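Comments concern the structure below.
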Amino acid sequence: MKTTGTENADRANFPQRPAASPFTAASQSTTPFLSSGPVVGSEAFAFRPAPPNAPQTTPSAPQTTRPYLSSGLMVGSEASGFRPTQPVRYNDPSIPRPPSSFVPPPTGTLQHHPTPQFFSTAQAPPPRTSPGQPVFPPPIRAPAGHVPSPPVYLHSQPQISSGQMGSPPQSINYVPSGRSVPPSSSDSLFSAPRSTLQPLQSAFPGYSSKSPNAVTQPPPVQSAPVFTHQGGYGPPPPATSTPFLAHQRGYVPPPPVAAPPAFYSREQMQHQGSGLPMGAVQGLTEDFSSLSLASVPGSLDPGLDSKVLPRPLDGDVEPKSFAEMYPLNCNSRYLRLTTSAIPNSQSLTSRWHLPLGAVVCPLAEAPEGEEVPIVNFATTGIIRCRRCRTYVNPYMTFTDGGRKFRCNICALLNDVPGDYFAQLDANGRRIDLNERPELTKGTVEFIAPAEYMVRPPMPPLYFFVIDVSISAVRSGMLESSLTQPQMMVVTDLDDIFVPLPDDLLVNLSESRSVVDVFLDSLPSMFQDNVNMESAFGPAIKAAFMVMNQLGGKMLIFQNTLPSLGVGRLRLRGDDLRVYGTDKEHTLRIPEDPFYKQMAADCTKYQIAVNVYALSDKYTDIASLGTLAKYTGGQIYYYPSFQSSIHKEKLRHELARDLTRETAWESVLRIRCGKGVRFTTYHGNFMLRSTDLIALPAVDCDKAYAMQMSLEETLLTTQTVYFQVALLYTSSSGERRIRVHTAAAPVVSELGEMYRQADTGAIISLFCRLAIEKTLSYKLEEARSSIQQRIVKAFREYRNLYAVQHRLGGRMIYPESLKFLPLYGLALCKSIPLRGGYADAQLDERCAAGHTMMALPVKNLLKLLYPNLVRVDEYLGKASSKPDELNISRLPVTAESLDSRGLYVYDDGLRFVIWFGKMLPPDIAMNLLGEDFATDFSRVILSERDSEMSRKLMEILKKFREIDPSYYQMNHLVRQGEQPREGFFLLTNLIEDQVGGMNGYIDWIQQIHRQVQQNA
Amino acid sequence: MAWEAIFWLIFFLMNMALIAFNLYQIVCLSDLEADYMNPYESSSRINAVIVPEFVTHGVFCALFLLAGHWIMFLVTLPIAFYNAMLYTKRQHLIDVTEVFRFLNAEKKYRIIKLAFYLVLFAVVIIRIFSAGTFFNIFSVFHFNNEELDIRSSFLEF
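Protein sequences, first through last, are from chains A and B.
Numbering follows full-length UniProt numbering, in which position 40 of the first sequence is assigned residue number 40; successive positions increment by one, without gaps.
Numbering follows full-length UniProt numbering, in which position 3 of the second sequence is assigned residue number 3; successive positions increment by one, without gaps.
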């Protein structure tokens, strides 16, 4: 693969799994050396990955590269193939781990083979390097400020490369691995051990060199080549899986398993400018990924090319291995654990500095064909464990000829009710297994009998509370879109001060016309209204009185600051001096206790509140939002609402609010196995008891996060099971229980926890914790707490490997968390947390905070790292069809913007369409008609009579369909048009340095420095 | 000395009341934790007694000052201040919506207060006896009785 020596070549290889494995193999080959001193950690510094691996490697002789290849191939493919199964072995009793898994050991040996290839690459450089070698020395390091670590390697290579190549960029790459490539030079750089080895190397053409010094080097090599890609590739999934195997195996019995780990390493990101492989350097074979952060001597540039930084351009990548390990688990759209490996002791938990918990989205929309099966236990009653009340699930085991079942959560042996009895077959499985979705699917829905009802199911009720003060009339809010498809019952509050009799509720299907007439008459009724005041509190109270018999959803359209009666609020947030003081947070919490009390009362009577804030002035979302926060509702915020502009958005979102699948009068509880307990819950809801979440209404756009802790110092079980149960009334008036079950292995290794980490869930928890923190501390503290936790986590991770590997100035991180720093940065720059007073309006901050507290993982990640795509080329192409629309995402940085292009920025909540200065006028003309020269703030993008316009609208429609929960409104922005451009786009380019906040590179370097400081 | 005795009796009763208030709150919180009571009921019950408790403590503290028991006054003063601070910040009531988040802290806070009042209770009891309060009180009656006692005059006579 590397022979070409050019990175591109490498890349090509990269995708192939086998290639990766070879690397690992290489590492293994090195292992032999290690083996001798594995424990020692031999100064060899070898990178050897996981300790376990090392052992494995030992068995395999580094030597025979040839054989290896053949076998290597096998291994590579194989490994990936069987991986899934292997994992199982860990905990899951049910799944037998395939013996095949063992294969790895051989692979180890085989893997070596790849090295030869590698070698070739290496060699290519070597010649060059040899000249360069002199360079390597320590002096180089000095320049690189950050690289404190002893490993000299980095710089020298770059220099060499530059010399030969003449391309400076390479320097960046100089990752150690690169060194390895040029044996001689690299050796010197790398480590003494190597040098010693060198002789050997010479002996073996190509590879030999490595083998000697081997140990360490090989790994790096791999990674480098593999990873080189610039920014975006996602690591091949299979590879990841392999690592797992390796681990598990490896750890337990160090034996041969090791090989797999290699895959992980790939992550190193190097990137080289010219074709030199140098830059590419080797990755570690290890389980970790790394990033070199040294600077080129003599240059001021940070030694890091922004292109090599990891970016989630493929969107949210969920860890797949976990699902493969436990095929009976519910889908990850319902439940995501921050790490799918549960620590087995409290001491291990304390070393895991990231949140340990789960993010649950109980009603996530299932794609076609994966609908949740509905089970009706009419005859037997719902089967549950009689002690812990766990619902029957696929992990329950039947024994005693099928007469008993053992609860997977509390291990109690229960009797099987007579009507539910079925014989067991020879394998101990029920013979009726295939007809029982509750025993084969991680997610099922039970029809709940009467004992699960406090009262008969109520019809869904939507109650509109509409502000009719003058500003509402002026903005056109009343005219906008209130005749939506409503469901069953609507009540209208026509005048705020009218005391409400209980019969204001009308059945929509019977009196649709009355409602329509009323709605139509609303604008005219109030068109002469000059009342500036808004009696929000009394209106809510009245609405509450009407609704408290039935419960339901209250939709509040508020346009001004509540100014009359109870719950009146005053203007606040204008005082600059409050910011940065200890009182700052009080602006973000409700001012009047009325709102909290009201919210609690609403929840008690099963009323959910959705707030539509349509003001152009301060409306104190912090206070109004409280109503939504504790009732499981949602805030829709439309700053500067004008019906002509926001009509579409309001119509779409209101329709979505009214028509999406909604669960009423629900309660949610998550159960987990013995020894583990959920302690804190985060999201928009109210707790009804220590572990019972009360949700008057819940729908597919809401997610809830929770953190858990270990109750016992040591867990003795092999697997921890989680079960999320949501008891609710469906819109059709049926009481149901939706149950999601998942299992996760218990591990004793911190490395395994990192390997199984889920960045999306971690970020989701971080986000909620940080936003909660802003309610009682300064923004600054919330941001730094995120940073501190990331640093601590990476430091702990570094310590895991620092002993055995020469890490040098490289920053290492687990493959699974490669996007964590970026998302952390994005979080710090998100609206609720960014900057200070001037960086976001108070209302905007609070509204965004409430929204982010409820977003499911996928939407949150998209909001944090938006899609940025260039569309002008696509629009220009005559023939392309929308189906072929395959636009690659660009890094969210100003450098991605070309002034000749047209870009769409999509964060899930809005579109920003950026017109470059040099964009061919015909495109703008086609898209905007005669409006293209006017002020963009007034222009509405609509479909015009041109091919291009239709195409653009089609693209936007496609983007919207991906996630219908919010309607992305178009904001047109012209390059250089300030402050509009800055407001909509530039401040949101999270990789750039904006307003005193770090850019991506600086952020990485800062984290890296802090990681090393106390390492 | 009669006044002194009455003061100590009042202290005694107030201390009992404070202990009762605290016990009641702790029981409510425990019930909430054990899911015997829902948060609405629990917090409304607790909130109902918080202000009376604060007032009682304020009076308690002030009476020590009036009675000239400086040491006792200083001992109870910090809590009075703390209560006043909570009240002015409007943080004295339990927040229904977040009650579970602060459940443990609230419980701990009340248990500590309870312990404080129990210590105070012991002190009050000791002072009552060492100052001979009961004796004095009874002696008052006794004295009065003596004058009215027919038998004594009869015997003297």
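C-beta atoms are modelled at their ideal positions from N, C-alpha and C, and glycine is treated no differently.
If you're wondering where the values come from, they're calculated on a predicted model, not measured in any experiment.
{"Check": "Should residue 423 of chain A go down as buried or exposed, given a rule of 16 or more other Cβ atoms within 10 Å for buried?", "Outcome": "exposed"}
{"Check": "Against chain B, with Cβ distances strictly below 9 Å, would residue 630 of chain A count as a contact?", "Outcome": "yes"}
{"Check": "Please report whether the beta-carbon of residue 56 of chain B lies at a distance below 9 Å from any beta-carbon of chain A.", "Outcome": "no"}
{"Check": "Suppose the cutoff is 6 Å on Cβ atoms and the five residues either side in sequence are ignored; what does the same chain contact list for residue 865 of chain A look like?", "Outcome": "312 and 826"}
{"Check": "On the CB-based measure, 16 or more other CB atoms within 10 Å of its CB, does residue 441 of chain A come out buried or exposed?", "Outcome": "buried"}
{"Check": "With residue 1013 of chain A as the anchor, note down where its alpha helix (DSSP H) starts and where it stops.", "Outcome": "1000–1013"}
{"Check": "Relative to the C-alpha of residue 726 of chain A, which candidate in A:364, A:310 and A:983 has its C-alpha closest?", "Outcome": "A:364"}
{"Check": "Helix, strand or coil: which one does DSSP assign to residue 903 of chain A?", "Outcome": "strand"}
{"Check": "Does the beta-carbon of residue 716 of chain A have 16 or more other beta-carbons within 10 angstroms, so that it is buried, or is it exposed?", "Outcome": "exposed"}
{"Check": "Helix, strand or coil for residue 90 of chain B, going by three-state DSSP, please let me know.", "Outcome": "coil"}
{"Check": "Check whether the Cβ atoms of residue 366 of chain A and residue 722 of chain A sit closer than 9 Å, and answer yes or no.", "Outcome": "no"}
{"Check": "How is the alpha helix (DSSP H) around residue 719 of chain A delimited, first residue to last?", "Outcome": "Element bounds for residue 719 of chain A: not the alpha helix (DSSP H) but the beta strand (DSSP E), 719–729."}
{"Check": "Below 7 Å on C-beta distance, what does residue 87 of chain B contact in chain A?", "Outcome": "The contacting residues do not exist; residue 87 of chain B stays about 13 Å from chain A at best."}
{"Check": "So within the stretch 571–635 of chain A, which uninterrupted beta strand (DSSP E) runs reach at least 3 residues, ignoring any that extend past its ends?", "Outcome": "607–613"}
{"Check": "Grouping DSSP H, G and I as helix and E and B as strand, with all else coil, what is residue 31 of chain B?", "Outcome": "helix"}
{"Check": "In three-state DSSP terms, what is residue 548 of chain A?", "Outcome": "coil"}
{"Check": "Just to confirm the assignment, what range does the beta strand (DSSP E) spanning residue 466 of chain A have?", "Outcome": "461–466"}
{"Check": "Name, please, each residue of chain A whose Cβ falls closer than 9 Å to the Cβ of residue 97 of chain B.", "Outcome": "596, 597, 599, 600, 603, 626, 629, 630, 686 and 687"}
{"Check": "Using the Cα positions of residue 54 of chain B and residue 603 of chain A, report the straight-line distance between them to the nearest angstrom.", "Outcome": "30 Å"}
{"Check": "What is the DSSP secondary structure of residue 37 of chain B, reduced to helix, strand or coil?", "Outcome": "coil"}
{"Check": "Residue 109 of chain B and residue 18 of chain B - do their beta-carbons sit closer together than 9 Å?", "Outcome": "no"}
{"Check": "For residue 93 of chain B, I'd like the list of residues in its chain whose CB is within less than 7 Å of its CB, leaving aside the five on either flank, ordered along the chain.", "Outcome": "47 and 50"}
{"Check": "Taking its Cβ as the centre, do 16 or more other Cβ atoms sit within 10 Å of residue 387 of chain A, making it buried, or is it exposed?", "Outcome": "exposed"}
{"Check": "Can you check which of these residues, A:891, A:999, A:535 and A:874, is closest to residue 953 of chain A by C-alpha distance?", "Outcome": "A:874"}
{"Check": "Using a C-beta to C-beta distance shorter than 7 Å, which residues of chain A count as neighbours of residue 47 of chain B?", "Outcome": "Within 7 Å Cβ-Cβ: nothing; residue 47 of chain B doesn't reach chain A, min ~10 Å."}
{"Check": "Taking 9 Å as the threshold (beta carbon to beta carbon), is residue 103 of chain B in contact with chain A?", "Outcome": "yes"}
{"Check": "Indicate whether at least one CB of chain A lies closer than 9 Å to the CB of residue 90 of chain B.", "Outcome": "yes"}
{"Check": "For residue 620 of chain A, count the other beta carbons within 10 Å of its own beta carbon; 16 or more makes it buried, fewer makes it exposed. Which is it?", "Outcome": "buried"}
{"Check": "Assuming the contact rule is C-beta atoms closer than 8 Å, residue 824 of chain A and residue 580 of chain A should be a hit. Round their C-beta distance to whole Å, please.", "Outcome": "About 22 Å separates the two Cβ atoms, so there is no contact after all."}
{"Check": "Can you tell me where the alpha helix (DSSP H) holding residue 107 of chain B begins and where it ends?", "Outcome": "103–130"}
{"Check": "When you compare each of A:326, A:351, A:308 and A:324 to residue 749 of chain A by their alpha carbons, which one comes out closest?", "Outcome": "A:351"}
{"Check": "What in chain A is Cβ-close to residue 40 of chain B, meaning under 7 Å?", "Outcome": "600 and 604"}
{"Check": "Just the C-alpha distance for residue 761 of chain A and residue 336 of chain A, rounded to the nearest angstrom, thanks.", "Outcome": "6 Å"}
{"Check": "Quick one, which of A:951, A:630 and A:544 has its alpha-carbon nearest residue 871 of chain A's?", "Outcome": "A:951"}
{"Check": "Are any of the Cβ atoms in chain A nearer than 9 Å to that of residue 106 of chain B?", "Outcome": "no"}
{"Check": "Whose C-beta lies closer than 6 Å to the C-beta of residue 969 of chain A among residues of the same chain, with five residues either side of it excluded?", "Outcome": "649 and 910"}
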